[in-house]
Structures are given as structure tokens and as C-alpha cells.
Amino acid sequence: HITAIFNECESRVKEIAYRHKDLTDCIVLARGTNRATAFEAALKLAETCYVKAEPYSSSDFLHGPIAVVDKGTRCLLFAPEGPSFNSMYEIAEKLVQRGAALIIVSDSEKILALAAEPIRIHVFLDDVISPIVYIVVGQLFANYLAQAKGLDPDCPRGLSKITITR
């Protein structure tokens, strides 16, 4: 079931990543159980693509950081149907009003209609399970974006498999 989901959207994710190979900074948003998805996707974009990716919970983003958004600001949103959907839809509308270019990963046609780059998940997933699928889409995006930039996502600069903590 999960493999089918990825097979359906992987070519679209790759297409979008290659179109955005000039990406140097972006905002990554989600809420609820997918808040961690936003943070992990931003980390992968930073580590493998050297993109300054700023992750936020959509609720936190509305109270100040939204001020940085203007025409052309690129935002990656993870917005599955579920308890957090209405707040994600609300922020997507506000971002569009400010001229942001949205890449949205969702199972909802309603919010995907606001996206410059929609990534459709064709299956409704329970809120508890959705982060497992949505983060893989975020990781695929980072992987293909790194490749589009001519980078090796498996060998990012400055990263070591061993971390010494003192």
C-alpha cells in the first residue's frame, strides 16, 4: 500500500525538485503530528542541498515569522486531511495572498488548488500514520533537489557518521 503511494508521486516530486534547483531558502510548515515532518524535511534540505530551510508549526509561524513572506517566497507545506487541516488551509491562503509560491503535499484537493506545485497523496491516512508517508515525500524531494543541484545526497559536506559529544 505504501509503496503504491510513493510510486504514484515520486516522478512528480522529482519533476518539482528539478524545477526548483535554484532553491536557496524556503519555509517548511506543518502542524500536529506532522510538525516533526516539517522539521525533518527542513533538516534534510539543509544537510543535503545546503538550503536554508526554516521549519515551523503553522500556528507558531502565524505569530511573527510570517512577516518574512513576500512575493516569490517558497514554502513547502505538509497538509494531510485531519485535525490540523483547517489551520494549514488557513495559512496556505494567507501565504498565497502574500505572493508565496507553495509546494503542498496533501491528500486534499481543496488545499492542493492553492499550490503552485501540488504533490497529491492519493490515499487518506490516519493522522497518526500520515507522518510516516509524508516525511518520505519530503526526503525524496531533498534527494532529488540535491541531485538537481549536482550534489551527492549520500555524502553531504561537513557531515560525519560519528558524532563526538563532549
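Numbering follows the working numbering, in which position 83 of the sequence shown is assigned residue number 72; successive positions increment by one, without gaps. Even glycine gets a Cβ: it sits at the ideal position worked out from N, Cα and C.
Backbone secondary structure at residue i - three-state DSSP
{"i": "Tyr123", "result": "helix"}
{"i": "Val40", "result": "coil"}
{"i": "Ala25", "result": "helix"}
{"i": "Ile55", "result": "helix"}
{"i": "Thr(-8)", "result": "helix"}
{"i": "Arg1", "result": "helix"}
{"i": "Leu49", "result": "Note that residue 49 is Asp in the sequence shown here, rather than Leu. Asp49 falls in the helix class under three-state DSSP."}
{"i": "Ser76", "result": "helix"}
{"i": "Lys33", "result": "helix"}
{"i": "Arg8", "result": "helix"}
{"i": "Phe113", "result": "coil"}
DSSP beta-bridge partners of residue i
{"i": "Val94", "result": "Phe67 and Ile108"}
{"i": "Val17", "result": "Pro44 and Leu65"}
Close Cβ partners of residue i (< 7 Å) along its chain, the five nearest in sequence each way excluded
{"i": "Arg87", "result": "Val58 and Asp59"}
{"i": "Thr26", "result": "Ala19, Phe67, Pro120, Tyr123, Ile124 and Gly127"}
{"i": "Glu(-1)", "result": "Leu129"}
Same chain, Cβ closer than 8 Å to residue i, neighbours up to 5 away in sequence not counted
{"i": "Leu148", "result": "Glu36"}
Whole-number beta carbon distance between residue j and residue i, since they are thought to touch under 8 Å
{"i": "Leu65", "j": "Ala81", "result": "Incorrect: roughly 11 Å between the Cβ atoms, too far for contact."}
{"i": "Ser2", "j": "Tyr133", "result": "The question names Ser, but residue 2 is Val in the sequence shown. Between Tyr133 and Val2 the Cβ distance is about 6 Å, and since that is below 8 Å, they are a contact."}
{"i": "Ala167", "j": "Cys38", "result": "Residue numbering for the chain in the displayed model covers -10 to 155; residue 167 lies beyond these limits and cannot be assessed."}
{"i": "Lys10", "j": "Lys99", "result": "Not confirmed; about 29 Å, so no contact."}
{"i": "Glu79", "j": "Ser97", "result": "Going by Cβ atoms, the distance from Glu79 to Ser97 rounds to 13 Å, so no, they are not a contact pair."}
{"i": "Ile93", "j": "Ile108", "result": "7 Å"}
Same chain, Cβ closer than 6 Å to residue i, neighbours up to 5 away in sequence not counted
{"i": "Pro44", "result": "Val17, Ala27, Phe28 and Ala31"}
Any C-beta of chain B under 8 Å from that of residue i
{"i": "Phe50", "result": "Within the model displayed, chain B is absent; a lone protein chain is all it includes."}
For the structure I just gave you, are there three or more beta carbon pairs, one from the region -9 to -2 and one from the region 118 to 126, closer than 8 Å? Verdict: yes, contact present.
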